[in-house]
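Mapped onto full-length UniProt numbering, the consecutive letters of the sequence shown carry residue numbers 1 to 214.
Shown next, in structure tokens, is the structure this report addresses.
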Amino acid sequence: MSIIWPKPFLEPDALKQRMLILSALDIVLCQEEWLRRYQFDPEWDENTTFASINNGAGDDLYLLFTPEGVIVKGFDHESEMSPHAREEYEVWPGIYEQVPPALLHRLDDEAFTKEDVTFCLWRESTDHVWKTGNVHNRQGLDDGSDFLLGMIYDIPEDYVGWAEAYYEVKVSVDVVGYLFANTSITKEMIMVLNPEVDLEMVMKELQAIGFTVT
């Protein structure tokens with residue numbers, strides 16, 4: 001039997017919007033796609049939106065927004081719950097067993113490396129709470145969820161602190177705050193965030209993910 005996810009987490013629509021904003025900021029701040037931490041694709045599959053976080057150090061988070069609901073799969077490569085830390089290289093007991101089949105099936109795509117998982121949560125379209133599996137973890141091992149879900153920043157200042165350290169540039173808190181509040185950006189704001197940016201290319205990329213440029 002599944003259990004209620006015990007930690008605070010965004011509502012599905014707010015989660016999707018936040019991932020869109022973080023991806024848009026990455027597009028503006030970083031021209032090299034492979035260096036970006038956040039990805040967002042509103043047309044990944046029919047009626048399915050894909051989002052991901054990859055920190056470049058072997059840890060990742062995949063989020064799929066589907067007609068059946070939302071599924072979130074996280075992998076912390078240093079977690080003792082990683083399949084790589086187990087003799088038989090198998091998924092930790094309880095992570096996937098209670099996931100609704102229609103949502104679990106979404107992870108079968110090779111792009112999601114289904115077996116690389118240390119935690120999973122989901123929310124069916126009829127649910128009012130996030131759920132997770134009844135994971136066998138009596139020792140209280142760290143599944144990496146605080147670490148990875150913490151990358152979905154709630155506060156503009158927290159994002160700016162990370163971005164300035166990662167991209168080694170000065171990032172305007174005011175502009176980031178505007179994006180967090182409005183889910184849109186102006187050409188002037190793009191130039192404030194990254195004066196050396198190829199404006200035309202950035203606008204094309206933002207358009208592709210469905211982010212509004214006013």
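We put the beta carbon where it would ideally sit given N, CA and C, even for glycine.
In the DSSP assignment, P101 falls outside any beta strand (DSSP E) and within the unbroken alpha helix (DSSP H) covering P101 to L104.
In the displayed model, R37 falls within coil according to three-state DSSP, outside both helix and strand.
Annotated three-state conformation of F211 is coil, per DSSP. Rounded to the nearest angstrom, the gap between the Cα atoms of S184 and M151 is 21 Å.
One thing to note: S23 has its Cβ no nearer than 7 Å to the Cβ of F9.
Only residues of its own chain outside the window of five on either side were considered, and among them L29, A163 and N194 have a CB closer than 8 Å to the CB of V169, listed in chain order. Burial check for Y62: the Cβ neighbour count within 10 Å reaches 16 or more, so the residue is buried. Taking 7 Å as the cut-off, the beta carbon of K131 is found no closer than this to the beta carbon of S52.
In chain order, D60, D116, V117 and T118 place their CB closer than 6 Å to the CB of F75, counting only its own chain and leaving out the 5 sequence neighbours on each side. Taking each of E124, L199, Y38 and E68 in turn and checking the Cα distance to G56, the smallest one comes out for Y38. The DSSP-derived three-state label of V72 is strand. With 16 or more other Cβ atoms inside 10 Å of its own Cβ, T66 counts as buried.
Shown here for L104: same chain residues with a beta carbon closer than 7 Å to its own, the five before and five after excluded, namely Y96 in chain order.
For A111, no beta strand (DSSP E) run applies, since DSSP gives it neither H nor E. Counting along the chain, N182 sits inside the alpha helix (DSSP H) bounded by residues V173 to N182. Collapsing the DSSP output to three states places P83 in a helix.
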